[in-house]
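> I'd like to ask you about the structure that follows.
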Amino acid sequence: MIFNFIPKEFNFFDLFDKQIDCAVEAATRFKAIVKKGAVDEADLKAMKDIEHRGDEAAHTIIDRLDKSFITPFDREDIHALAKELDDIADMVYTIINRLKVYKVTDADKNLVKFASIIDESVHSVAVAVKCMRSAKHSGSVVKACVEVNRLENVGDDMRDECLAELFEKEKDPIKVIKMKDIYQDAETVLDICEDVAHLVGSILVKQA
Amino acid sequence: MIFNFIPKEFNFFDLFDKQIDCAVEAATRFKAIVKKGAVDEADLKAMKDIEHRGDEAAHTIIDRLDKSFITPFDREDIHALAKELDDIADMVYTIINRLKVYKVTDADKNLVKFASIIDESVHSVAVAVKCMRSAKHSGSVVKACVEVNRLENVGDDMRDECLAELFEKEKDPIKVIKMKDIYQDAETVLDICEDVAHLVGSILVKQA
Amino acid sequence: MIFNFIPKEFNFFDLFDKQIDCAVEAATRFKAIVKKGAVDEADLKAMKDIEHRGDEAAHTIIDRLDKSFITPFDREDIHALAKELDDIADMVYTIINRLKVYKVTDADKNLVKFASIIDESVHSVAVAVKCMRSAKHSGSVVKACVEVNRLENVGDDMRDECLAELFEKEKDPIKVIKMKDIYQDAETVLDICEDVAHLVGSILVKQA
Numbered sequence: 385m386i387f388n389f390i391p392k393e394f395n396f397f398d399l400f401d402k403q404i405d406c407a408v409e410a411a412t413r414f415k416a417i418v419k420k421g422a423v424d425e426a427d428l429k430a431m432k433d434i435e436h437r438g439d440e441a442a443h444t445i446i447d448r449l450d451k452s453f454i455t456p457f458d459r460e461d462i463h464a465l466a467k468e469l470d471d472i473a474d475m476v477y478t479i480i481n482r483l484k485v486y487k488v489t490d491a492d493k494n495l496v497k498f499a500s501i502i503d504e505s506v507h508s509v510a511v512a513v514k515c516m517r518s519a520k521h522s523g524s525v526v527k528a529c530v531e532v533n534r535l536e537n538v539g540d541d542m543r544d545e546c547l548a549e550l551f552e553k554e555k556d557p558i559k560v561i562k563m564k565d566i567y568q569d570a571e572t573v574l575d576i577c578e579d580v581a582h583l584v585g586s587i588l589v590k591q592a
Numbered sequence: 385m386i387f388n389f390i391p392k393e394f395n396f397f398d399l400f401d402k403q404i405d406c407a408v409e410a411a412t413r414f415k416a417i418v419k420k421g422a423v424d425e426a427d428l429k430a431m432k433d434i435e436h437r438g439d440e441a442a443h444t445i446i447d448r449l450d451k452s453f454i455t456p457f458d459r460e461d462i463h464a465l466a467k468e469l470d471d472i473a474d475m476v477y478t479i480i481n482r483l484k485v486y487k488v489t490d491a492d493k494n495l496v497k498f499a500s501i502i503d504e505s506v507h508s509v510a511v512a513v514k515c516m517r518s519a520k521h522s523g524s525v526v527k528a529c530v531e532v533n534r535l536e537n538v539g540d541d542m543r544d545e546c547l548a549e550l551f552e553k554e555k556d557p558i559k560v561i562k563m564k565d566i567y568q569d570a571e572t573v574l575d576i577c578e579d580v581a582h583l584v585g586s587i588l589v590k591q592a
Numbered sequence: 385m386i387f388n389f390i391p392k393e394f395n396f397f398d399l400f401d402k403q404i405d406c407a408v409e410a411a412t413r414f415k416a417i418v419k420k421g422a423v424d425e426a427d428l429k430a431m432k433d434i435e436h437r438g439d440e441a442a443h444t445i446i447d448r449l450d451k452s453f454i455t456p457f458d459r460e461d462i463h464a465l466a467k468e469l470d471d472i473a474d475m476v477y478t479i480i481n482r483l484k485v486y487k488v489t490d491a492d493k494n495l496v497k498f499a500s501i502i503d504e505s506v507h508s509v510a511v512a513v514k515c516m517r518s519a520k521h522s523g524s525v526v527k528a529c530v531e532v533n534r535l536e537n538v539g540d541d542m543r544d545e546c547l548a549e550l551f552e553k554e555k556d557p558i559k560v561i562k563m564k565d566i567y568q569d570a571e572t573v574l575d576i577c578e579d580v581a582h583l584v585g586s587i588l589v590k591q592a
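Chains as they are written, first to last, in this note's numbering: chain A, 385 to 592; chain B, 385 to 592; chain C, 385 to 592.
Below, the structure is given as structure tokens:
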């Protein structure tokens with residue numbers, strides 16, 4: 385029968401869920417790491433593993449996209465969403481790796497605060513992504529996206545405060561160089577979350 | 385009548401004008417701020433307000449784009465132009481904010497020069513954007529775009545000179561860190577202006 | 385005859401070849417420069433010239449794209465490939481220029497190693513791009529793309545090692561600032577090569 389030639393609709397939502405689960409796992413672990421103050425080999429291995437699983441989900445999405453006739457929403461939006469969700473765990477891994485490379489062994493209270501904001505934001509992104517499946521949850525999607533935007537603004541102010549304090553109190557230029565990079569990376573995670581929220585929001589508008 | 389269901393063509397040009405007016409205002413104020421040497425709270429508030437107005441115009445464009453059947457040029461070009469015009473005032477705000485966060489209170493003669501180049505470039509972008517409305521002004525568009533490209537090259541050289549001088553004369557590493565960021569931000573404004581000019585140029589070619 | 389109105393298919397592949405030849409030339413010269421340890425005016429002029437030739441090829445591609453009815457693959461993929469190939473030589477030029485601006489006169493053994501990896505990666509990109517012309521060479525394209533991905537990972541580790549060593553051994557913060565930028569730029573070249581490989585890979589999949 386001819387219909388056998390038409391691939392069945394692939395369930396992209398299951399893979400987006402996998403991606404955001406990885407991002408949530410990464411954010412949670414990041415919070416735990418900065419609380420104890422330093423990265424050890426086990427943390428790095430675990431984060432690498434999380435990032436790798438997220439990567440696999442992203443690759444599967446892109447791969448299936450090329451083979452699917454029917455997609456739940458615009459092909460390019462699926463592509464962009466897979467890419468941006470991937471960027472979350474990637475960026476968290478970048479920070480963890482930087483803490484190791486820069487041999488930062490006393491993550492400060494500011495970074496702990498930052499990790500909490502990131503954790504909150506990634507959890508809101510998870511709500512937005514998971515509620516995309518069904519039109520009846522569009523209210524939850526919108527609410528979650530608004531929260532992600534709010535946290536991005538909180539993150540901007542947080543980074544400014546961190547940098548102002550760093551330049552005021554830290555007299556060792558090498559330490560300034562290191563922590564400046566790390567605070568900026570932390571803020572970038574929130575920017576990426578906001579990008580995802582914007583994309584999810586615009587997908588919702590198109591479907592309405 | 386069925387035609388009532390078809391939204392009228394929205395005047396996107398008016399909103400692009402609003403966006404570029406904000407960018408011009410931002411560039412003008414930036415020039416004034418670095419001339420007096422430091423940012424005060426009133427400057428920051430005014431810049432935040434300019435950036436906010438530009439943001440609103442961009443959001444309106446994106447919003448109307450989803451609801452319009454007829455657009456003056458490619459939907460994705462409209463989207464990209466709204467986004468890139470928004471980036472100009474955003475980036476100027478970033479510099480102003482950085483001057484405050486880094487507590488730079490003596491913007492140097494190099495930054496004053498940079499602010500003048502930025503001001504010139506943004507004014508040329510304004511000519512290009514405002515002349516897009518009518519085919520008979522395409523000569524002015526092209527001329528303005530060429531000028532923006534020229535100024536981007538001037539900016540590249542300017543940044544190189546600024547950095548070379550900074551590394552040669554400034555012995556305080558903390559000050560090097562601060563001014564290096566600020567010079568690079570300044571050059572980024574000119575890059576964004578060039579992106580806008582490229583986009584406007586390619587829209588013109590497609591319409592010809 | 386009506387067919388006279390239809391522009392002949394332009395040979396985009398010849399121009400992609402020109403672009404990648406420029407990138408190879410840039411990578412080769414970069415390797416030679418860091419081996420001798422410093423940039424002189426002749427190097428800078430030569431690199432500027434290479435970058436300029438690559439730029440011209442990119443512009444010709446974009447220009448012809450607007451005028452061609454028939455293209456060997458998706459218009460937006462052609463556009464993206466031209467842009468990304470251009471980025472390779474641009475980024476190599478950025479490093480060379482930075483070495484001059486920062487007055488680095490003793491490029492270290494780490495940078496020499498980095499330049500070798502970049503040279504290998506760009507050569508693999510060249511194989512991938514040149515083998516795109518014919519379906520029968522798709523095996524070579526895939527093999528080359530895998531190699532580019534591998535070298536990007538090597539580059540990531542290389543950058544981490546370089547930065548760790550820099551922060552450990554270099555006590556002069558100004559030198560840390562300079563070399564940190566240069567190592568990161570070097571790694572960026574490998575990222576760009578990977579972007580090209582991904583794009584070439586996805587073009588191949590669509591054609592299959």
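Positions of the beta carbon are idealized from the N, C-alpha and C atoms, including for glycine. It should be emphasised that the depicted structure is a prediction, and the values quoted were computed from it without experimental measurement.
1. Grouping DSSP H, G and I as helix and E and B as strand, with all else coil, what is residue 410 of chain A?
2. What is the rounded straight-line gap between the Cα of residue 486 of chain C and the Cα of residue 551 of chain A?
3. Any contact of the segment 525 to 544 of chain B with the segment 505 to 516 of chain B, i.e. 3+ C-beta pairs under 8 Å?
4. Of all the CB atoms in chain C, is at least one closer than 7 Å to the CB of residue 456 of chain A?
5. Determine whether the Cβ of residue 544 of chain B lies closer than 7 Å to any Cβ atom of chain C.
6. Would residue 426 of chain A count as contacting chain B if we go by Cβ distances under 7 Å?
7. Should residue 414 of chain A be labelled buried (16 or more other beta-carbon atoms within 10 Å of its own) or exposed?
8. Under 8 Å between beta-carbons, which chain A residues line up against residue 547 of chain C? List them in chain order, please.
9. Alpha carbon to alpha carbon, how far is residue 466 of chain C from residue 436 of chain C?
10. Hey, how far is the Cα of residue 404 of chain C from the Cα of residue 454 of chain C?
11. Please list the partners that residue 587 of chain A has in chain B, where partner means a Cβ-to-Cβ separation under 9 Å.
12. If distances are taken between C-alpha atoms only, which option among B:586, B:419 and B:505 comes closest to residue 572 of chain B?
13. Do residue 532 of chain C and residue 581 of chain C have their C-beta atoms within less than 7 Å of each other?
14. Going along chain A, which residues have a C-beta under 8 Å from residue 481 of chain B?
15. Less than 8 Å between C-beta atoms, sequence neighbours within five positions excluded: which residues of the same chain meet that for residue 492 of chain C?
16. Name, going along the chain, the residues of the segment 559 to 587 of chain C whose beta-carbon falls closer than 7 Å to a beta-carbon of chain B.
17. How would you label residue 494 of chain C, buried or exposed, when you count the other beta carbons within 10 angstroms and need 16 or more for buried?
18. Hey, how far is the Cα of residue 409 of chain B from the Cα of residue 522 of chain C?
19. Going by other Cβ atoms of all chains shown within 10 Å of its Cβ, with 16 needed for buried, is residue 441 of chain A buried or exposed?
20. Residues in its own chain within less than 6 Å of residue 388 of chain C by CB, not counting five upstream and five downstream?
21. Return the residue from the list C:496, C:431, C:452 and C:461 that minimises the CA-CA distance to residue 474 of chain C.
22. For residue 397 of chain A versus residue 517 of chain A, is the C-beta distance shorter than 7 Å?
23. So with CB distances below 9 Å, who are the chain A contacts of residue 450 of chain B?
24. For residue 536 of chain A, I'd like the list of residues in its chain whose CB is within less than 6 Å of its CB, leaving aside the five on either flank, ordered along the chain.
25. Check this for me: beta carbons of residue 407 of chain B and residue 583 of chain B, under 7 Å apart or not?
26. Return the first residue and the last residue of the alpha helix (DSSP H) that residue 517 of chain A is part of.
27. Determine the extent of the alpha helix (DSSP H) in which residue 452 of chain B is found, giving its start and end residues.
28. Take residue 541 of chain B as the anchor and find which of B:520, B:497 and B:503 has the nearest alpha-carbon.
29. Determine the contact status of residue 569 of chain B and residue 479 of chain B, defining contact as a CB-CB distance below 7 Å.
30. Just verifying my parser: in three-state terms, what is the DSSP assignment at residue 528 of chain C?
31. Hey, would you say residue 557 of chain C sits closer than 7 Å to residue 566 of chain A, going by beta carbons?
32. Got a sec: is the Cβ-Cβ distance from residue 551 of chain A to anything in chain B below 7 Å?
33. If I measure Cβ to Cβ from residue 402 of chain C and keep anything under 8 Å in the same chain, skipping five residues before and after, which residues do I get?
In this structure, then:
1. Helix.
2. When rounded, the distance between both Cα atoms is 23 Å.
3. The segment 525 to 544 of chain B makes contact with the segment 505 to 516 of chain B, as at least three CB pairs between them are under 8 Å.
4. No, no contact with chain C.
5. Taking Cβ atoms only, chain C reaches closer than 7 Å to residue 544 of chain B, which makes this a yes.
6. Residue 426 of chain A does not count as touching chain B.
7. With 16 or more Cβ atoms within 10 Å of its Cβ, residue 414 of chain A is classed as buried.
8. Within chain A, the residues near residue 547 of chain C are 485 and 486.
9. Each residue's CA atom was taken as its position, placing residue 466 of chain C and residue 436 of chain C some 14 Å apart.
10. Between residue 404 of chain C and residue 454 of chain C, the C-alpha separation is close to 23 Å.
11. Neighbours of residue 587 of chain A on chain B: none; closest Cβ ~11 Å, over 9 Å.
12. When only C-alpha atoms are compared, the closest one is B:505.
13. With respect to residue 581 of chain C, residue 532 of chain C sits close: the two C-beta atoms are nearer than 7 Å.
14. The contacting residues are 544.
15. The beta carbon of residue 492 of chain C lies closer than 8 Å to those of 563 in the same chain, with the five residues before and after it left out.
16. Using a CB distance below 7 Å, the part of the segment 559 to 587 of chain C facing chain B consists of 561, ordered along the chain.
17. So residue 494 of chain C counts as buried.
18. Straight through space, the alpha carbons of residue 522 of chain C and residue 409 of chain B are spaced by roughly 53 Å.
19. By the neighbour-count rule (16 or more Cβ atoms within 10 Å), residue 441 of chain A is buried.
20. Note that residue 388 of chain C scores 41 on pLDDT, short of 50, meaning its location in the model is unreliable and no value can be drawn from it.
21. Minimum Cα distance to residue 474 of chain C is reached at C:431.
22. The answer is yes: Cβ separation under 7 Å.
23. Annotation: Cβ neighbours of residue 450 of chain B in chain A (cutoff 9 Å, chain order): 586, 589 and 590.
24. Here the set comprises 574 and 578.
25. In this structure, the beta-carbon distance from residue 407 of chain B to residue 583 of chain B does not fall below 7 Å.
26. First-last for residue 517 of chain A: undefined, no H or E at that position.
27. According to the DSSP assignment, residue 452 of chain B belongs to no alpha helix (DSSP H), since it is labelled neither H nor E.
28. The shortest C-alpha separation from residue 541 of chain B is found at B:497.
29. Against a cut-off of 7 Å, the Cβ pair of residue 479 of chain B and residue 569 of chain B comes out as a contact.
30. Per DSSP, reduced to three states, the secondary structure at residue 528 of chain C is helical.
31. Residue 566 of chain A sits away from residue 557 of chain C, with the two beta carbons spaced by 7 Å or more.
32. Closer than 7 Å to some Cβ of chain B, the Cβ of residue 551 of chain A qualifies, so yes.
33. Closer than 8 Å at the Cβ level, and outside the excluded window around residue 402 of chain C, lie 437, 438 and 441.
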